[in-house]
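Residue numbers (the numbering used here), protein chains in the order written: chain D, 1 to 335; chain V, 1001 to 1330.
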Amino acid sequence: MSASDPLVEVRDLEMHFPLTRGVIFQRQYGAVRAVDGVSFSVARGETFGIVGESGCGKSTTGRLIMRLLEPTAGQVFFEGQEITNLDRRQLATLRRDAQMVFQDPYSSLNPRKTVGSIIAEPFIIHREAREANERRKEVRELMDRVGLNPEHYNRYPHQFSGGQRQRIGVARAIALKPKLLVADEPVSALDVSIQAQIINLLQDLQSELGLTLIFIAHDLSVVRHMCDRIAVMYLGKVVELAESERCFSQPRHPYTGALLASVPVPDPSISAAGRRPVLKGDVPSPSAPPPGCRFHTRCPKAQSLCSQEEPPLTEMPGGSLAACHFPLEGYSSSS
Amino acid sequence: MSALLTVNDLKVSFNTEDGIVHAVEGISYEVEPGKTLGIVGESGSGKTVGTLTIMGLTRAANTQISGQAIFDGEDLLSASERHMRAIRGDEIAMIFQDPLSSLHPFFTIGAQLVEAIQVHNKVSKTAARTRSADLLTMVGLSDAEQRLSSYPHEFSGGMRQRVMIAMALANEPRLLIADEPTTALDVTVQAQILELIADLQAQTGTAMIIITHDLGVVAEVADEIAVMYAGRIVEQASATELFANPQHPYTRGLLDSIPRLDRDRSIGLDPIAGRPPSLIAPPSGCAFHPRCPRAFDRCSVELPPLEAAAAGSEHLVACLLSPEERIEKR
């Protein structure tokens, strides 16, 4: 299910962080296989979600797409161009076209700079809006656009609340009108009533600027609300890749099913029914992933085949891709 | 049934360099044996400070506390520190949000559990250790004997939270206070912990106060729910009633601003405008009025009392709108 005109394409991406021992003579004794063979493509204008629990490699994948990390193996294409071997100067173009919004609005803004100069920085780095006046005008427009009061131009980040800081981060990210925005858990540090404000802002900006959005989150209800297509990751692998609606109404991979069933529903009449099959245990360590299917140690449907052979990502009836020997059938979220 | 804990007009404020922070502005509630009260609110709503105060954990020179917290016929707010120490961890236990910072990194799990037991009971170390192993088994950790010699860093977040629960239940408390017990955990692990808490509560009959910002979590575990905003309870009802008939514009706003798996995806989110108020200079009248889509002139002057939503109803709400106006669609 590759998009016809992909903006981003990821092929067999791997990121293994080495584990070393010793201070002067470092020896590698293993690796954290954070991302271990991930492939997908994201179409222009699409919102692509990456979900999973902590340690599944979703953030690392986002950073690899931005080339904030050098992959161990595999390729990332941006507008058809491979970016994994670009030099510094060529990277500058990518940095313009692909921007990131981070999870923590406290540590991702320089506390010593005013909001105005934080948002103006992309213009300076990429030598746009050279005149100070012009720059100030652009910044004020951006602040207004993301719902900040332009009069607060000279304030410092600590004078803003978490939600407002996240707006500053968004303003900085869209300053150069990028083609791609990678948002890594942009709302998980925010209060419930503020989350919705940021979600709506991202959606408005996307349709206004024709952005392609890669949305990384652990909160399934937020991802479902935002995204057209979703990749579910588990221990460095994509286990299911499907249209958002299908992924939630008819999950194919048992892990997706279990994730959905684990989300508490704010309605006591539903939740009281004891509907959920609780998954046993914790996510295994990514430095020693289980053989075969990585989910088999926790999977309610696992059989002996699952511990021996790794299932490939294959197309299921209905168009979803799932990596499972014994995929779920006829599941309906309403049951 | 008579209440195990009755909180009466509890007020807590802190003197700070910036001014007096009015963290809790007069809250009252009851917790019955075997029941679970959920306290929901956003950051800064006073949900945590209120329960910390009941436990005697906010006592300091710069804190003013008034009101009563009657536990078992005795006011905890005026109890001596020595007496509170005897109650804490024995009659009333607490589970905190972050299991890594609530366990001591230098001591084994076993040593910490044994200490928790021996502080309140005159038992031998061996007996306490056996009891510790039983507790770990009860909270679903396998190889309990071996786990006792492990250090907290060797455990995952979910396992640490299980240890915290084991420690809290060590002396069979009559009241368990869980402050955001699953917020730091992944969803699949959160589901395990919520189920564990519910099972253990059914077995032991412990009363519980669960504090959370997550409406889904509170819907799963609580019998009664109190919604807090800017230091006050703005709405209180049974869980089923609260989610079926939310009355306060803030509660309704919260419910409208979360994306839900059980609803159509195309339904847009309707966020609450603005942000939570400063607790140093809270808004006049109803603290929610600057953000309230239904606010009218009286709201900025008059403080709405928490009273029955309709005559004789147990559903309490603090809002100046008439009952008919409250349930109107905006």
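Glycine included, every Cβ here is placed at the ideal spot set by N, Cα and C.
| query | result |
| --- | --- |
| 7 Å Cβ cutoff met for Leu-13 of chain D and Gly-74 of chain D | yes |
| 6 Å Cβ shell around Gly-1019 of chain V - same chain, five flanking residues per side excluded | Ile-1280 |
| Assigned secondary structure, Thr-114 of chain D (DSSP; H/G/I helix, E/B strand, else coil) | coil |
| Ile-1258 of chain V at chain D interface by Cβ criterion, 7 Å | yes |
| Cβ-based contacts, 8 Å cut-off: residues of the stretch 1176-1196 of chain V near chain D | Asp-1186, Val-1187, Thr-1188, Val-1189, Gln-1190, Ala-1191, Gln-1192, Leu-1194 and Glu-1195 |
| Closer than 7 Å to chain V by CB, Ile-230 of chain D | no |
| Per-residue burial, Ala-1060 of chain V [other beta carbons within 10 Å of its own, 16 or more giving buried] | exposed |
| Environment of Gln-206 of chain D [buried if 16+ CB atoms lie within 10 Å] | buried |
| 7 Å CB neighbourhood of Ser-234 of chain D in its chain, flanking five on each side removed | Correcting the residue identity first, residue 234 of chain D is Tyr in this sequence and not Ser. Here the set comprises Gly-52, Cys-56, Tyr-255, Arg-294 and Phe-295. |
| Where the alpha helix (DSSP H) containing Ala-1060 of chain V begins and where it ends | Taken as a continuous stretch (DSSP letters only), Ala-1060 of chain V belongs to no alpha helix (DSSP H), as it is neither H nor E. |
| Cys-1299 of chain V vs Leu-1320 of chain V beta-carbon contact at 7 Å | yes |
| Three-pair Cβ contact test at 8 Å for the stretch 1176-1183 of chain V versus the stretch 1103-1115 of chain V | no |
| Extent of the continuous alpha helix (DSSP H) run through Ala-1144 of chain V | 1144-1147 |
| Stretch-stretch touch, CB-based, cutoff 8 Å, three pairs: the stretch 215-229 of chain D with the stretch 1254-1274 of chain V | yes |
| Below-7 Å beta-carbon distance, Asp-191 of chain D vs any chain V residue | yes |
| Straight-line gap, Lys-301 of chain D to Ile-1165 of chain V (C-alpha atoms, nearest Å) | 30 Å |
| Under 7 Å (Cβ pairs) to chain D, residues found in the stretch 1130-1153 of chain V | none |
| Chain V residues whose Cβ lies nearer than 7 Å to that of His-296 of chain D | The premise fails here: His-296 of chain D is roughly 15 Å from chain V at the closest Cβ pair, so nothing lies under 7 Å. |
| Pick from D:Thr-297, D:Ala-288 and D:Ser-161 that is closest to Tyr-29 of chain D, judged by C-alpha positions | D:Ala-288 |
| Under 7 Å (Cβ pairs) to chain V, residues found in the stretch 156-190 of chain D | Ser-161 and Gly-163 |
| Residues that His-16 of chain D bridges to, as DSSP identifies them | D:Arg-33 |
| For Gly-1216 of chain V and Pro-266 of chain D, believed in contact at Cβ under 8 Å, the rounded distance | 5 Å |
| Three-state secondary structure (DSSP) of Asp-1256 of chain V | helix |
| Those runs of the beta strand (DSSP E) which lie wholly inside the stretch 1118-1191 of chain V and span at least 3 residues | 1175-1179 |
| Arg-1275 of chain V at chain D interface by Cβ criterion, 7 Å | yes |
| At least 3 beta-carbon pairs within less than 8 Å: the stretch 180-196 of chain D vs the stretch 1262-1277 of chain V | yes |
| Within chain V, partners of Pro-268 of chain D - CB distance below 7 Å | Ala-1219, Ala-1239, Thr-1240 and Phe-1243 |
| Cβ of His-152 of chain D within 7 Å of any chain V Cβ | no |
| For Ile-1197 of chain V, three-class secondary structure by DSSP | helix |
| Under 9 Å from the C-beta of Glu-1042 of chain V: neighbouring residues of chain D | Asp-191, Val-192, Ser-193 and Ile-194 |
| Arg-1291 of chain V, enclosing beta strand (DSSP E) - first and last residue | Run containing Arg-1291 of chain V: none; DSSP gives neither H nor E here. |
| Whole-angstrom C-beta distance between Glu-1324 of chain V and Leu-1316 of chain V, which should lie under 8 Å | The Cβ separation is near 18 Å, so there is no contact. |
| Chain D within 7 Å of Ser-1322 of chain V, Cβ atoms only | no |
| Residues of the stretch 201-219 of chain D whose Cβ lies closer than 9 Å to any Cβ of chain V, in chain order | Gln-203, His-218 and Asp-219 |
| C-alpha gap between Val-1031 of chain V and Ile-1210 of chain V, whole angstroms | 11 Å |
| Residue span of the beta strand (DSSP E) that contains Arg-1085 of chain V, given as start and end | Careful: Arg-1085 of chain V lies outside any beta strand (DSSP E), inside the alpha helix (DSSP H) at 1081-1087. |
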